[in-house]
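Below: one structure, written as structure tokens.
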Amino acid sequence: MIYADCAATTRLSSRALDEALPYLRDAYGNASSLYSLGVNSRRAVELARARVAESIGASPEEIYFTSGGSEGNSWVLSSVASGSVLTSPFEHPSVWRGCERLAKRGVRIHTLPVDRSGVVRVEDVARAAEFLSDLRLVSIMSVNNEIGTIQPIAEIGTFLRSKGVLFHTDAVQAVGRLPLDVGSLGVDYLTASAHKFNGPKGVGFLYARKGVAPPPLILGGEQERGFRAGTENVFGIVATGAALVENVEKLEENAQRERATIRATLERLGELLLPTEYFVVGSESERAPGVADIVFGGTGGEAMVQILDFKGVCVSSGSACSSGQDRPSRVLLALGFSEEEAKSAVRVSFGRDNTPDEGALVAEAFAFAYHKIVGARGRA
Amino acid sequence: MKSKICYVCGKEITKRNDVGLNKKLIAKDTKIFYCLDCLAEYLEVDVDFLLEKVKEFKEQGCALFGGDDS
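Going down the list, the sequences are from chains A and B. Residue 299 in numbering that gives the first Met the number 0 sits at position 300 of the first sequence; the count goes up by one each step and never skips. Residue 41 in numbering that gives the first Met the number 0 sits at position 42 of the second sequence; the count goes up by one each step and never skips.
This is the structure:
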């Protein structure tokens, strides 16, 4: 099997598992307990918090562990009670659905225009911020989860900081994969999910700049300094810290490998298919390493994914099939692609464990699936 | 369900799940259909593999497939 869906999830790092496993078995103390077994768990949680903080240039007291990116995004949005929120049209559902809920409560939601490049323009943010006198929050993801485009977060953050507007970035696809420093980015909130950087599923974190933490999410105990009550997932938190440190240590090495792997895919694809038969969304210089969203004309993205699965290749489609009907990619529609194009996209996303040889094999599987689907349809 | 005719062998395709496989793996609006045997050969897999995929698609709640394989 070739796993090429690392934007969906990643394999848990062995180092993270080794470091965290004792906290599921022998060192199972509740981190709030007063005896040594509990103190040991508390120390492990705080070490992980310090590691996470250091990895993004934050202070430990600015890190709140969560269940993942969706929780962090919902938490940040829930802090807005009035005024306006500015966001992009291609945010994760946890952001746009959160915005929909805010709209029902009277908060005005404004969406930035974005063209087929898939990159938000700083000048559009500036224009909107000048126009919206009641702007409370801007929420723009760091890297789009479907097409992999990197957004100009630092430029936007610098501008918004000068205007005193709070800025949130959903950095789920960026943390542990791109160099990030919350100070340089100028963000007030940053959300992350551990399973995207070889950590465990069900754990993530929210960075909230000191002094602007959102209201408590869960009331009860004093865990997460009273902002998110509930016994800590010590295993998950320890594994998160270990996985992030490991990925940050090898950030450039991993990125180079992922870039080489995606290039191998696209080069081989160029040998096997005609330029008129497919295109890649966004330019290479604006995409995160290892990610490409490829539109194969005349196919359905879901059929491509299924036939690739037959060949032992795991990729994703932005379009969804939950009722027997193809639903086009919401992201591609927002960028101005046609409905047919938005139904025909397949995302390939490599990680640190993939190799260029695998990248070339993925291209061969793409070409196989493309010819099977288009060949069958062409006989009608 | 209106039956379909296999593009390759001319066999009548009467099972909903066989039609569903064509729609799932070729196109929702496909105008041509393959019987299970010919579809497996075309996609270079075996029939049992496709039948296993039908189970997966049902578990995922895909409306193209029915519970009774009729």
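Glycine is no exception: its CB is placed at the ideal position from the N, C-alpha and C atoms.
Whole-angstrom distance between A26/A and A344/A, CA atom to CA atom: Along the first sequence, one-based indexing puts residue 344/A at 345. Along the first sequence, one-based indexing puts residue 26/A at 27. Between A344/A and A26/A, the C-alpha separation is close to 46 Å.
Under the three-state DSSP convention, the category R135/A falls into: Taking the first residue of the first sequence as 1, we reach residue 135/A at position 136. In this structure, R135/A counts as strand in the three-state DSSP scheme.
The region 58 to 70 of chain A in contact with the region 226 to 237 of chain A per 3-pair CB rule at 8 Å: Three or more beta-carbon pairs separated by less than 8 Å link the region 58 to 70 of chain A to the region 226 to 237 of chain A, which places the two stretches in contact.
Neighbour-count burial assignment, S322/A, 16 or more Cβ in a 10 Å radius: Residue mapping note: residue 322/A aligns to position 323 of the first sequence, counting from 1. No answer about S322/A holds up, because its pLDDT of 49 lies below 50 and its placement is not dependable.
At least 3 beta-carbon pairs within less than 8 Å: the region 305 to 314 of chain A vs the region 278 to 292 of chain A: no
Cβ-heavy atom distance, L101/A to the ligand SAM, below 8 Å: Ligands displayed in this structure: none; no statement on the ligand SAM is therefore possible.
Boundaries (first-last residue) of the alpha helix (DSSP H) holding T260/A: Indexing the first sequence from 1 puts residue 260/A at position 261. Here the alpha helix (DSSP H) through T260/A covers L250 to L271.
S348/A, DSSP secondary structure in three states: Taking the first residue of the first sequence as 1, we reach residue 348/A at position 349. It is a strand residue.
When R286/A, R267/A, P199/A and T275/A are compared against G297/A, the one with the closest alpha-carbon: Reading the first sequence from its first residue, position 298 is the one you call residue 297/A. Ranking the options by Cα distance to G297/A, first place goes to T275/A.
The region 158 to 172 of chain A / the region 183 to 193 of chain A touching (three or more Cβ pairs under 8 Å): Taking 8 Å as the limit for Cβ pairs, the verdict is that the region 183 to 193 of chain A does touch the region 158 to 172 of chain A.
For D114/A and F64/B, the rounded distance between their alpha carbons: The sequence position of residue 64/B within the second sequence is 65, counting from 1. The sequence position of residue 114/A within the first sequence is 115, counting from 1. Those two C-alpha atoms are separated by around 38 Å.
C-beta neighbour in chain A for E72/B, strict 9 Å: A query on residue 72/B cannot be resolved here, the shown segment of chain B reaching from 0 to 69 and no further.
Completely contained beta strand (DSSP E) runs for the region 70 to 148 of chain A, where each covers 3 or more residues: 83 to 86, 107 to 110 and 134 to 138
9 Å Cβ cutoff, S321/A in contact with chain B: Residue 321/A sits at position 322 when you count from the first residue of the first sequence. Unreliable placement is indicated for S321/A, whose pLDDT of 48 sits below 50; the coordinate value is still reported in the next sentence. So, interface residue.
When M0/A, I1/A and C5/A are compared against G198/A, the one with the closest alpha-carbon: The residue given as residue 198/A occupies position 199 in the first sequence. Comparing Cα-Cα distances from G198/A to each of M0/A, I1/A and C5/A, the minimum goes to C5/A.
Collapsed DSSP secondary structure at C5/A in the structure displayed: Against the first sequence, residue 5/A aligns to sequence position 6. Here C5/A sits in coil by DSSP.
Spatial distance of I146/A from P112/A (CA atoms): For the purposes of this step, residue 146/A is taken as residue 147 along the first sequence, with counting starting at 1. For the purposes of this step, residue 112/A is taken as residue 113 along the first sequence, with counting starting at 1. Cα to Cα, I146/A sits roughly 16 Å from P112/A.
Rounded C-alpha distance that separates C34/B from A62/B: In the second sequence, counting from the first residue as 1, residue 34/B sits at position 35. In the second sequence, counting from the first residue as 1, residue 62/B sits at position 63. One C-alpha to the other measures close to 19 Å.
S40/A - containing alpha helix (DSSP H), residue span: Counting from one through the first sequence, the residue named residue 40/A turns up at place 41. S40/A -> alpha helix (DSSP H) spans S35 to I55.
Contacts that A302/A makes with chain B (C-beta to C-beta distance below 8 Å): Sequence index remark: in the first sequence, residue 302/A carries index 303 (1-based). In chain order: K23, L24, I25 and A26.
Burial state of E340/A, where buried means 16 or more other Cβ atoms lie within 10 Å: On the first sequence, residue 340/A is found 341 positions in, with the first residue counted as 1. Burial check for E340/A: the Cβ neighbour count within 10 Å reaches 16 or more, so the residue is buried.
7 Å CB neighbourhood of R14/A in its chain, flanking five on each side removed: Stepping through the first sequence from its first residue, residue 14/A is reached at position 15. Once the five neighbours on either side are set aside, the close Cβ partners of R14/A are A241 and E245.
Whole-angstrom distance between L49/B and S87/A, CA atom to CA atom: The count along the first sequence starts at 1 and reaches residue 87/A at position 88. The count along the second sequence starts at 1 and reaches residue 49/B at position 50. Between S87/A and L49/B, the C-alpha separation is close to 41 Å.
Selection of the region 2 to 13 of chain A by Cβ proximity to chain B, strictly under 7 Å: none
Members of the region 288 to 313 of chain A that neighbour chain B once the beta carbon cut-off is set at 8 Å: T298, G299, E301, A302, Q305, I306 and F309
Any beta strand (DSSP E) of 3 or more consecutive residues that is wholly inside the region 284 to 344 of chain A: 290 to 295
Same chain, Cβ closer than 6 Å to H194/A, five either side skipped, listed in chain order: Reading the first sequence from its first residue, position 195 is the one you call residue 194/A. Closer than 6 Å at the Cβ level, and outside the excluded window around H194/A, lie T8 and K200.
Rounded straight-line distance, which links the Cα of E40/B to that of F32/B: Indexing the second sequence from 1 puts residue 32/B at position 33. Indexing the second sequence from 1 puts residue 40/B at position 41. Roughly 13 Å between the two C-alpha positions.
The region 116 to 124 of chain A touching the region 347 to 358 of chain A, judged by at least three CB pairs closer than 8 Å: no
For G203/A, the first and last residue of its enclosing beta strand (DSSP E): Position 204 of the first sequence, counting from 1, holds the residue named residue 203/A. For G203/A, the enclosing beta strand (DSSP E) has its first and last residue at G203 to A207.
Contact under 9 Å by Cβ, G56/A with G182/A: By 1-based counting over the first sequence, the position of residue 56/A is 57. By 1-based counting over the first sequence, the position of residue 182/A is 183. In contact: G56/A and G182/A (Cβ atoms closer than 9 Å).
Neighbouring residues, chain B, relative to D325/A (Cβ below 8 Å): Within the first sequence, residue 325/A is the residue found at index 326, counting from 1. Here the neighbours are K27.
Whole-angstrom distance between S141/A and V124/A, CA atom to CA atom: Here the question's residue 124/A lines up with position 125 in the first sequence. Here the question's residue 141/A lines up with position 142 in the first sequence. Cα to Cα, V124/A sits roughly 15 Å from S141/A.
Min CB distance K52/B to chain A below 9 Å: One-based indexing of the second sequence puts residue 52/B at position 53. With 9 Å as the cut-off, K52/B counts as an interface residue toward chain A.
Backbone secondary structure at L165/A - three-state DSSP: Residue 165/A sits at position 166 when you count from the first residue of the first sequence. Here L165/A sits in strand by DSSP.
Proximity to D90/B [Cα-Cα], best of G66/B, V46/B, K57/B and T29/B: Shown here, chain B extends from 0 to 69; a query on residue 90/B therefore has no answer.
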